[in-house]
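Student: Pasting in a structure now, in structure tokens, and then I'll have a few things to ask.
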Amino acid sequence: MIDICTVSLNETNTLKIDEKEVMRYLGVKELDNSLKVMYDACVSKAYEASAPRAVFRKLNISVLDNTVDFGFMRVNSKDLAKNLRNCNEAYIFAATLGIGVDRAFERLNRISQAEAMVFSAVASSLVESFCDYVNEQLIVDLCARPRFSAGYGDFSLQHQKEILNYLEADKRLGICLTDSYMMVPVKSVTAIIGIRS
Amino acid sequence: MDILSYVEKGFVFFDGGMGTQLQLNGLQPGQSPEMWNITHPEIITSIHKSYFEAGANIATTNTFGANPLKIDNVEEVVSSAIENAKKAIYKENQYVALDIGPTGKLLKPLGDLSFEDAYNAFSKVVKAGVSKGCDLIIIETMNDPYELKAAVLAAKENSSLPVFATFVLDEKGKTVTGCDIKAMVALLEGLGVDALGVNCSLGADELKRFVPELIKYSSIPVIVNPNAGMPCVKEGKTCYDSTPEKFSKSVAEIANMGARILGGCCGTTPEHIKLLTNSLNGVSPKSIEKKSYTVVSSYSTACFFDNRVVLIGERINPTGKSKLKAALRENNLNYMVNEAIGQEEKGAHMLDVNVGLPEINEEEMLVNVIREIQAVCTLPLQIDTSNPRALDSAMRIYNGKPLVNSVNGKEESINSVLPLVKKYGGVVIALTLDENGIPNTAEERVEIAKRIIERAKDYGIDKKDVIVDPLCLTVSSDKNAPSVTLKSIELLKELGVKVSLGISNVSFGLPSRDYVNSVFFSHALQKGLDAVIMNPYSLEMMKVYYAHNALMGIDDMCQDYINFASNNQTSTVSAEVEQITLERAIIKGLKKEAGEITNNLVKTKAPLEIVNEYIIPALDIVGASYEKGITFLPQLLMSAETATVAFEVVKENIKGEGNTNKGDIILATVKGDIHDIGKNIVKVILQNYGYNVHDLGKDVSPCAILEYVEKTGIKLIGLSALMTTTVPSMEETIHLVKSKYHDVKFMVGGAVLTPEYAQMIGADNYSKDAMEAVRYAQEFFGQ
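Taken in order, these protein sequences are the chains called A and B. Residue numbers for the first sequence follow my numbering, so the first one is 290 and each next one is one higher. Residue numbers for the second sequence follow my numbering, so the first one is 49 and each next one is one higher.
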């Protein structure tokens, strides 16, 4: 248990929100005046509502054909095995913006669908940015693979449960799974980062 | 000696971590620690014993994850766990605490576990523990006050054992669900736990700075069970630098601050506990002082009745409000939620919630409205009902410690309301009336107040948890009424009682009631009023509030007053607004401007002209450019919402001028899906096109949809599913409804659906977006 590490961030606005990426999530080509006003409002709401927090563990893994053995779980996935080829260690982490973002979203969801949609896109960009930040903390001097998450390719979403349990993510971050394998808080990510020796 | 008497005498020590010890004994990551109760009972007993030998008084059973939502054989695990712990006892004053951890699920509305299911899960654990003879129950490592409430109720309703409860703080001193210490203390003391405190997450050094706040607000023993330290990463390596020596030193400091019950959590070992008990040997603990705060709470913050008057928003009450009445009849919860958000934004500190209408089921409605409001609004609520059953259900599911409106001097009221206030915890408003009505003199009203306070004491409710409302009658029918009320406030304050007042009644029957209300409010404030039920939209009332605080020195540097004043400078409609047309405002999504322009237009144009000449053409332009890929969904929605604002203004001016409903449609997000933005988007657009949408919400079971079809006879249903895992619910719904009603049509949508998939599950139409749903509805209704 003692090898689980927590990362939290007080100054949320040091995380970058990528306007281009938000536009892509929204499916728009430009932010016209009124959309830009809404976007700016959502950016400050997202910073305010977020309490970014992550946990990670480092562990030994072994990759054989299409199976990856993490010790606490075995994953049959061609895509994950490919991503982790030649890795004998990995970081496994969970990151979240916290339940405040869900509350802020639900509030907008009852007032303005347009703003709720923009807010959700902004928060998605923010959680990605937080994952990048966590990533940077982990991979100093190491040859790391791009992060890979349950639900990508043939890496089954069902493994989310084992990953969250292993990281004690409910206790440490308040991340829970619904019966349909959706994470709450909704702006949460789990991922694996392979390390090549 | 029982554990509570032992706590009164001096320090009591919990044990340390179980997980670390199990790992030392060979438990592998991913293995269930709880199963070891059955497979390795000797090891579990020996761990408990090593803690007892280190000086711990309480063995926490190895049942942290023993919850029916996580494992199947709860009874078996709990029984063996208690047996294993009991076997370790070898002398007096060693106790076994049934350990209850969180379910691992988040409760509704943000998660998918219902409060009742959480309660039932915890009840099962409690019953198993009680039957095996544990000495107390420790509910620990809780992140969510709502889940904690379910667990405490389960413990108290299924046992008569002492209940201890601890929660987890982050480095900002809040739970990860955003609840602060004051709100947690209010909730737990209200529920009547025997000791409360914090555990896990932080090390003793980090937790230390939050202990004074816990002590300051608690009237019961405080528990502190920190981790061994904070794990950290240095140069890619995990470090964990706390030693038993450092730990015991820090926890001893925590004891000196006034914590009474101490122990360890993750990473702590018998060595930690041994050094801790040794270091406090011969030290006498600080006494536990009773506090006199009058406080209510929500799921995140507490509201104190102290030097600042508490503003309680009165607008969620159907009396005299036809729109709210209509919303209640139509089950339009969104209306109440918007009232809540609006009042919060206007500066209310709490909200009164009254949904009493003769033709609706008040118990059900009150529960639903409170849940909806608590999904999005952080203010504590005042539960306002005269129906004891509704009060019981509402207090049970309320997330926090509520204010109850109200009890009065009648026997019937006292006997039905006060037991509930005691059971669930709450502050109650006591009205000074009884079987003989409202007395005419202040002295007689105070007598009734005294009587209610006495009776509350008999029920175990402190004087601090009773706020008296001496009632104010209408000045237009009795010129002396206001002075009797003011005199009552004065007398009550002399008795050290908190006073609240529903202010608006005083001006009943008079013109410009705000003027009278606000001056009366000012007089009442002078007498020391603690809370007022009022309309936060009333500028006159808010002026008094902010000016009073500034003048009385309770608004530091007059900051609140300055903010208030600068936000309320009278502004005239800007010249710019005059220049843009309604059509353009809708296309550009300018809500405020659209409202203002429409308000001007209705003076000169007939309502239907506005709709046909401005609103519909604007929507058509936006709709067409959306379909051509020139504008995109966010802009379409902004325009739709802007059109809604204009529609609302027009509607107010139509007043019964024919029916514009183009057809009834049911919309729902299917069972298992707890996110519903897709459905809500479709709803807004369909409403814009004149359809009457019956929104059944999210996570809706197939049966509920069938029942609604049976009740209403609606023939078009739109379903949304977000996850591949919930598409089967969609299929089940379609089959269930179609098996009984062949002529009902389904349009379906959602991120994971495709036209092929939609056809496969039996849907009649795949709507790739909201406009497609409109087209299908038009086709369906032959328009």
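Here a beta-carbon is modelled for each residue, glycine too, at the ideal position from N, C-alpha and C.
1. Among A:R363, A:V317, A:D468 and A:R485, which residue has its Cα nearest to the Cα of S673 (chain B)?
2. Exposed or buried, which one is F556 (chain B) when buried takes at least 16 other CB atoms within 10 Å?
3. On the three-pair Cβ rule with 8 Å, is the region 320-331 of chain B touching the region 99-114 of chain B?
4. Starting from the C-beta of K172 (chain B), find all residues in its chain whose C-beta is less than 6 Å away, skip the five residues before and the five after it, and write them out in chain order.
5. In terms of alpha-carbon separation, which member of B:S454, B:G474, B:K471 and B:K458 lies closest to D517 (chain B)?
6. Starting from the beta carbon of K153 (chain B), find every residue of chain A whose beta carbon is closer than 7 Å, and list them in chain order.
7. Exposed or buried, Y563 (chain B), counting other C-beta atoms within 10 Å across all chains shown (16 or more means buried)?
8. Pull the bridge partners of D184 (chain B) from the DSSP assignment, please.
9. Going straight from the alpha carbon of I185 (chain B) to that of L196 (chain B), what length do you get?
10. Distance check for V775 (chain B) and N736 (chain B), CA to CA, integer angstroms please.
11. Taking the C-alpha atoms as reference points, what is the distance between E832 (chain B) and D791 (chain B)?
12. Among residues of its own chain, excluding the 5 on either side of T692 (chain B), which ones have a beta-carbon nearer than 8 Å to its beta-carbon?
13. Should A405 (chain A) be flagged as near chain B, meaning a C-beta pair shorter than 8 Å?
14. Is it a yes or a no for the region 436-447 of chain B touching the region 188-202 of chain B, going by three-plus beta-carbon pairs under 8 Å?
15. Please say whether C182 (chain B) and V233 (chain B) have beta carbons closer to each other than 8 Å?
16. Give a yes or no on whether the minimum CB-CB distance between L52 (chain B) and chain A is below 8 Å.
17. Please work out which residues of its chain come closer than 6 Å, Cβ to Cβ, to L209 (chain B), disregarding the five sequence neighbours upstream and downstream, and give them in chain order.
18. Listing by chain order, which chain B residues have their CB less than 7 Å from the CB of G483 (chain A)?
19. Taking 7 Å as the cut-off, does the CB of E300 (chain A) come closer than this to any heavy atom belonging to the ligand MG?
20. Would you mind listing the alpha helix (DSSP H) stretches within the region 707-754 of chain B that are 4+ residues and don't spill past its ends, in chain order?
21. So is P530 (chain B) buried or exposed if we call it buried at 16+ other beta carbons inside 10 Å?
22. Less than 8 Å between the CB atoms is what I'm expecting for K719 (chain B) and L764 (chain B), so what's the real figure, rounded?
23. Closest Cβ-Cβ distance between G442 (chain A) and chain B: below 8 Å?
24. Taking only beta-carbon positions, decide if K460 (chain A) is within less than 8 Å of chain B.
25. Identify which residue in A:N299, A:N398 and A:M472 has its Cα closest to the Cα of S438 (chain A).
26. Thinking just about the alpha-carbon of each residue, which of A:S401, A:I484 and A:T479 is nearest to the one in H448 (chain A)?
27. Going by the DSSP bridge assignment, what does I431 (chain B) pair with across the sheet?
28. Any contact of the region 52-70 of chain B with the region 346-354 of chain A, i.e. 3+ C-beta pairs under 8 Å?
29. What is the DSSP secondary structure of A343 (chain A), reduced to helix, strand or coil?
30. Compute the beta-carbon to beta-carbon distance between S536 (chain B) and R493 (chain B), rounded to the nearest angstrom, for a pair I have assumed lies under 8 Å.
31. When you compare only the Cα positions, how much space is there between L549 (chain B) and D440 (chain B)?
32. When you compare the CB of L369 (chain A) with every CB in chain B, is at least one pair closer than 8 Å?
33. Among the residues of its own chain, which have a CB less than 6 Å from the CB of K786 (chain B), if the five just before and after it don't count?
34. Roughly how many angstroms lie between the CA atoms of A340 (chain A) and G387 (chain A), to the nearest whole one?
35. Compare the C-beta of S351 (chain A) with all C-beta atoms of chain B and state if any pair is closer than 8 Å.
36. Rounded to a whole number of angstroms, what is the C-alpha to C-alpha distance between I669 (chain B) and L630 (chain B)?
Tutor: The relevant details are as follows:
1. For the purposes of this step, residue 673 (chain B) is taken as residue 625 along the second sequence, with counting starting at 1. The residue with the shortest Cα to Cα distance from S673 (chain B) is A:V317.
2. On the second sequence, residue 556 (chain B) is found 508 positions in, with the first residue counted as 1. Exposed.
3. yes
4. Against the second sequence, residue 172 (chain B) aligns to sequence position 124. For K172 (chain B), where only same-chain residues beyond five positions count, the Cβ hits under 6 Å are P116 and V122.
5. Indexing the second sequence from 1 puts residue 517 (chain B) at position 469. Minimum Cα distance to D517 (chain B) is reached at B:S454.
6. Position 105 of the second sequence, counted from the first residue, corresponds to residue 153 (chain B). C465, listed in chain order.
7. Looking up residue 563 (chain B) in the second sequence gives position 515. Exposed.
8. Counting from one through the second sequence, the residue named residue 184 (chain B) turns up at place 136. Here residue 184 (chain B) turns out to be Leu, not Asp, going by the sequence shown. Per DSSP, B:A145.
9. Counted from its first residue, the second sequence places residue 185 (chain B) at position 137. Counted from its first residue, the second sequence places residue 196 (chain B) at position 148. Each residue's Cα considered, the two are about 13 Å apart.
10. Along the second sequence, read from residue 1 onward, the residue named residue 736 (chain B) stands at position 688. Along the second sequence, read from residue 1 onward, the residue named residue 775 (chain B) stands at position 727. One C-alpha to the other measures close to 28 Å.
11. What the structure shows of chain B is the stretch from 49 to 831, and residue 832 (chain B) is not part of that stretch, so it cannot be assessed.
12. As a first step, residue 692 (chain B) is located in the second sequence; it is residue number 644 there, counting from the start. These residues qualify, in order along the chain: V732, Q735 and N736.
13. Here residue 405 (chain A) corresponds to residue number 116 of the first sequence, with the count starting at 1. Yes, A405 (chain A) lies at the interface with chain B (some Cβ there is under 8 Å from its Cβ).
14. yes
15. For this step, residue 233 (chain B) is matched to residue 185 along the second sequence. For this step, residue 182 (chain B) is matched to residue 134 along the second sequence. Cβ distance not < 8 Å, so V233 (chain B) and C182 (chain B) don't count as in contact.
16. In the second sequence, the residue the question calls residue 52 (chain B) occupies position 4. No, L52 (chain B) does not count as interfacial toward chain A.
17. Your numbering for residue 209 (chain B) matches position 161 in the second sequence. Closer than 6 Å at the Cβ level, and outside the excluded window around L209 (chain B), lie L184 and I185.
18. Counting from one through the first sequence, the residue named residue 483 (chain A) turns up at place 194. Chain B residues near G483 (chain A): none, gap ~15 Å exceeds 7 Å.
19. Among the ligands in the structure shown, none appear at all, so the ligand MG cannot be discussed.
20. 725-736
21. Position 482 of the second sequence holds residue 530 (chain B). Label assigned to P530 (chain B): buried.
22. Walking along the second sequence from the start, residue 719 (chain B) turns up at place 671. Walking along the second sequence from the start, residue 764 (chain B) turns up at place 716. That belief does not hold up - the Cβ atoms of K719 (chain B) and L764 (chain B) are roughly 20 Å apart, past 8 Å.
23. Counting from one through the first sequence, the residue named residue 442 (chain A) turns up at place 153. Not an interface residue.
24. The residue labelled residue 460 (chain A) in the question sits at position 171 within the first sequence. Judged by the 8 Å Cβ criterion, K460 (chain A) is in contact with chain B.
25. By 1-based counting over the first sequence, the position of residue 438 (chain A) is 149. Looking at the Cα atoms, A:M472 is the closest of the given residues.
26. Taking the first residue of the first sequence as 1, we reach residue 448 (chain A) at position 159. If we check each option's Cα against that of H448 (chain A), A:T479 comes out closest.
27. Reading the second sequence from its first residue, position 383 is the one you call residue 431 (chain B). B:V401 and B:V452, per the DSSP bridge assignment.
28. no
29. Start at 1 with the first residue of the first sequence, and residue 343 (chain A) comes out as number 54. Note: A343 (chain A) maps to strand in three-state DSSP.
30. Within the second sequence, numbered from 1, the residue matching residue 536 (chain B) stands at position 488. Within the second sequence, numbered from 1, the residue matching residue 493 (chain B) stands at position 445. Yes, they are in contact, since the Cβ atoms of S536 (chain B) and R493 (chain B) sit about 5 Å apart, within 8 Å.
31. For the purposes of this step, residue 549 (chain B) is identified with residue 501 of the second sequence, where counting begins at 1. For the purposes of this step, residue 440 (chain B) is identified with residue 392 of the second sequence, where counting begins at 1. Taking the straight line joining both Cα atoms gives about 24 Å.
32. One-based indexing of the first sequence puts residue 369 (chain A) at position 80. By this cut-off, L369 (chain A) is not an interface position.
33. Here residue 786 (chain B) refers to the residue found at position 738 when the second sequence is read from its first residue. Excluding residues within five positions, none has a Cβ falling inside 6 Å.
34. Translated into positions along the first sequence, residue 340 (chain A) becomes position 51. Translated into positions along the first sequence, residue 387 (chain A) becomes position 98. Their Cα atoms are separated by approximately 5 Å.
35. Indexing the first sequence from 1 puts residue 351 (chain A) at position 62. By this cut-off, S351 (chain A) is not an interface position.
36. Taking the first residue of the second sequence as position 1, residue 669 (chain B) is located at position 621. Taking the first residue of the second sequence as position 1, residue 630 (chain B) is located at position 582. C-alpha separation (whole angstroms): 13 Å.
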